[in-house]
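Notes follow once the structure below has been shown.
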Ligand SMILES: Nc1ncnc2c1ncn2[C@@H]1O[C@H](COP(=O)(O)OP(=O)(O)O)[C@@H](O)[C@H]1O
Ligand SMILES: [Mg+2]
């Protein structure tokens, strides 16, 4: 295996650390995601998976280390809105949708396009947007819920709506935090299918606990433990790894 | 999709009723005041015209507050400051119109400056003798303060209770500043004894009617602007920020810019409200900055229904009518009544009057459709 170089990665983390009140949540973490790759990140609770996403998306500033997007853009210098505008989309661990908006409006607000208050005040909507919304709603299986308020959706439907919002954003890189938490088995399988579909055209990083789900994804797996990488490889390889069994699977 | 014709998209049921009521007020109140005999029960005396005008200027303040609180979750406890600044800008214009007719008969200086032995008008009073300039300041001064204050607060991501507290501190600081005589704005007496506005006596019946109609028009325009904003994509983003601020950020929206636009527009609306208030009550003094005033405005919005615009305006009028009545009957009870009202509304009427009515109607509609569906199903069997 050749070690990844900065230039052929969509996301590159090197030696990243972050400390909260003396507690090292991320500890010299290095990670590289290739363009078009799908990667699963697993690890016990508190391993730092969500914090890693916070760092990539500009919510948390690392104390040290490098975070590069597309090989050349230093993400540690930018804020959330700038990073989102570059093409990094994120789904939160707790599904976060706009409850008082309809399902269609949630997607509409996420659609790629102008983001300034003035274009939002004076711009007209266009027909192409409506077609995109229809297409995305059918992808995430929410077509018949188009005009319902997001607040009235079930937990699983909210997760899908949020994935739909990610699609609407059309980012180059999707970060998906525990997408199947609280889903039924059938919904989980559907979600794996959906993410694989999305991964055809995007780089995707999925954080998940559910091993069956990760197996379904069938991609390279990174195991995080105490803020750094413990193991990396296929799901079978990491499940057989002694240290992984010790800290995570064995318990 | 092209936007629906703007006026149609903006006018929902309550908006149409609201504008209808305003139009009726603008026509009927002057007619009644001018042409009905004083003995008629439908006659509106001139003092009541100005009282109603005062309520409607409060309604505009409430509307402005609802734009930021109801739609963007910014609970400003300092909106009274923007109202008062607009009021002072108008007050300065009115002072300059007094000319040599003051008690001391000085050709330029207002009485309080002569009294303080000032020799000339401070620089910031220049231009205020020209109405268009004063009108511009009515918008610019509150707008600029909101822009600077909002830029600092929103950029540092001050939200929730902390934001409310610093808005309250802002109005309190301004109150202390305006109480000082060397501020050159009349100290604790404020600005009063106005004579003319645009060449007409402020006391005259015709002027009072004109000011009332101007307030109705300003309220209607304010409603139009606010409604345009909240029904546009911009308004959808505002609501998104209210519901899930960080989600909105991760979608690439500059939350601070959105808040800043709403806050500034809202402050300018509040300024206009203050400017219309001053000639109708005849005085502006630093107590208009008092923190309690801003809190009262929040209660109006809560009572009428947050996030409904129409409700905010209604709440302002209803609560102030109650206040006028109660302060006449049992003046020492008002603050307790206001507090109790806020608690009752928060506990039992969280959506306010208009919000609750709208919810009821929705429910009735839903049960009606369910019933017709049920009947249709039975018929089909
Ligand atoms: N903002 C924060 N302040 C303090 N501690 C934090 C903060 N965010 C995360 N942590 C801590 O960092 C560790 C990693 O958390 P997290 O990234 O949420 O883990 P995971 O998503 O892998 O379960 C946890 O121990 C958590 O308590
Ligand atoms: Mg997590």
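Protein chains in written order, with our numbering: chain A, 1 to 251; chain B, 252 to 632. Backbone N, C-alpha and C fix where the C-beta goes; we use that ideal spot for every residue, glycine too.
So, for residue i: in the same chain, excluding its five sequence neighbours on each side, which residues have a beta-carbon less than 8 angstroms away from its beta-carbon?
i, result
"residue 512 of chain B", "485"
"residue 289 of chain B", "296"
"residue 253 of chain B", "Any reading at residue 253 of chain B is ruled out, since the residue's pLDDT is 45, under 50, leaving its predicted position unreliable."
"residue 452 of chain B", "446 and 458"
"residue 177 of chain A", "49, 50, 53, 90, 91, 92, 93 and 207"
"residue 184 of chain A", "156"
"residue 348 of chain B", "380, 445, 446, 447 and 448"
"residue 32 of chain A", "4, 9, 11, 12 and 13"
"residue 98 of chain A", "105, 106, 109 and 150"
"residue 532 of chain B", "301 and 305"
Can you list, in chain order, the residues of its chain with a C-beta nearer than 6 angstroms to that of residue i? Leave out the 5 residues immediately preceding and following it.
i, result
"residue 180 of chain A", "188, 191, 210 and 213"
"residue 363 of chain B", "437"
"residue 459 of chain B", "297, 300 and 301"
"residue 593 of chain B", "550"
"residue 312 of chain B", "334, 521, 524 and 548"
"residue 171 of chain A", "87, 88 and 89"
"residue 247 of chain A", "225"
"residue 481 of chain B", "322"
"residue 220 of chain A", "39"
On the criterion of 16 or more Cβ atoms from any shown chain inside 10 Å, does residue i qualify as buried, or is it exposed?
i, result
"residue 239 of chain A", "buried"
"residue 114 of chain A", "exposed"
"residue 428 of chain B", "exposed"
"residue 77 of chain A", "exposed"
"residue 490 of chain B", "buried"
"residue 274 of chain B", "exposed"
"residue 270 of chain A", "Residue 270 of chain A is absent from the structure shown; chain A starts at 1 and stops at 251."
"residue 370 of chain B", "exposed"
"residue 411 of chain B", "exposed"
"residue 478 of chain B", "buried"
"residue 586 of chain B", "exposed"
"residue 361 of chain B", "buried"
"residue 572 of chain B", "exposed"
"residue 615 of chain B", "exposed"
"residue 621 of chain B", "exposed"
"residue 62 of chain A", "buried"
"residue 590 of chain B", "exposed"
"residue 292 of chain B", "exposed"
"residue 18 of chain A", "buried"
"residue 308 of chain B", "buried"
"residue 7 of chain A", "exposed"
"residue 339 of chain B", "buried"
"residue 356 of chain B", "exposed"
"residue 424 of chain B", "exposed"
Pull up the DSSP beta-bridge partners for residue i, would you.
i, result
"residue 207 of chain A", "A:41 and A:177"
"residue 20 of chain A", "A:23"
"residue 222 of chain A", "A:41 and A:232"
"residue 265 of chain B", "In the DSSP output, where bridge partners are listed per residue, residue 265 of chain B has none listed."
"residue 90 of chain A", "A:175"
"residue 75 of chain A", "Residue 75 of chain A pairs with nothing; no bridge assigned."
"residue 69 of chain A", "A:11 and A:73"
"residue 442 of chain B", "B:535"
"residue 32 of chain A", "A:12"
"residue 64 of chain A", "A:17"
"residue 102 of chain A", "A:149"
For residue i, which residues from the same chain have a beta carbon less than 7 angstroms from its beta carbon, with the 5 sequence-adjacent residues on both sides left out?
i, result
"residue 196 of chain A", "217"
"residue 107 of chain A", "133, 136, 137, 164, 165 and 168"
"residue 400 of chain B", "421"
"residue 337 of chain B", "389, 393, 521, 522, 523, 524, 525 and 526"
"residue 59 of chain A", "80"
For residue i, verify whether its CB is less than 8 angstroms away from any heavy atom of ligand 3.
i, result
"residue 178 of chain A", "Absent from the structure shown: ligand 3. Ligands present: ligand 1 and ligand 2."
**Prompt:** At a Cβ cut of 8 angstroms, what residues of the region 132-161 of chain A count as close to chain E, listed as they run along the chain?
**Reply:** Looking for chain E here will not work: the only protein chains present are A and B.
**Message:** Any contact between the region 80-98 of chain A and the region 490-506 of chain B? By contact I mean 3 or more CB pairs, one from each, below 8 angstroms.
**Reply:** Yes: the two stretches touch, three or more of their Cβ pairs being nearer than 8 angstroms.
**Request:** Starting from the N-terminal side, write out each stretch of the beta strand (DSSP E) that is 3 residues or longer and does not extend beyond the region 444-520 of chain B.
**Result:** Whole beta strand (DSSP E) segments, 3+ residues: zero.
**Request:** Report yes or no: do three or more beta-carbon pairs, one from the region 321-340 of chain B and one from the region 544-552 of chain B, lie closer than 8 angstroms?
**Result:** yes
**Message:** Is it the case that the region 552-572 of chain B contacts the region 521-529 of chain B, given that we only count it when at least three CB pairs across the two stretches are under 8 angstroms?
**Reply:** no
**Item:** Cβ contact check for the region 469-485 of chain B and the region 384-403 of chain B: 3 or more pairs under 8 angstroms
**Value:** Under the 8 angstroms Cβ criterion, the region 469-485 of chain B does not count as touching the region 384-403 of chain B, having fewer than three qualifying pairs.
**Three-pair Cβ contact test at 8 angstroms for the region 548-565 of chain B versus the region 312-320 of chain B** = They touch, by the three-pair rule.
**Item:** alpha helix (DSSP H) runs wholly inside the region 306-355 of chain B, at least 4 long, in chain order
**Value:** 330-349
**Request:** Tell me the start and end of each unbroken alpha helix (DSSP H) in the region 521-609 of chain B that is at least 4 residues and wholly inside, in chain order.
**Result:** Counting only runs that start and end inside the region 521-609 of chain B, the alpha helix (DSSP H) elements of at least 4 residues fall at 542-555, 561-580 and 585-599.
**Request:** Spell out a yes or no on whether the region 141-152 of chain A and the region 63-74 of chain A are touching, meaning 3 or more CB-CB pairs, one atom from each, closer than 8 angstroms.
**Result:** no
**Message:** Going residue by residue through the region 374-449 of chain B, where are the continuous alpha helix (DSSP H) segments of at least 4 residues, counting only ones entirely within it?
**Reply:** 382-406 and 411-430
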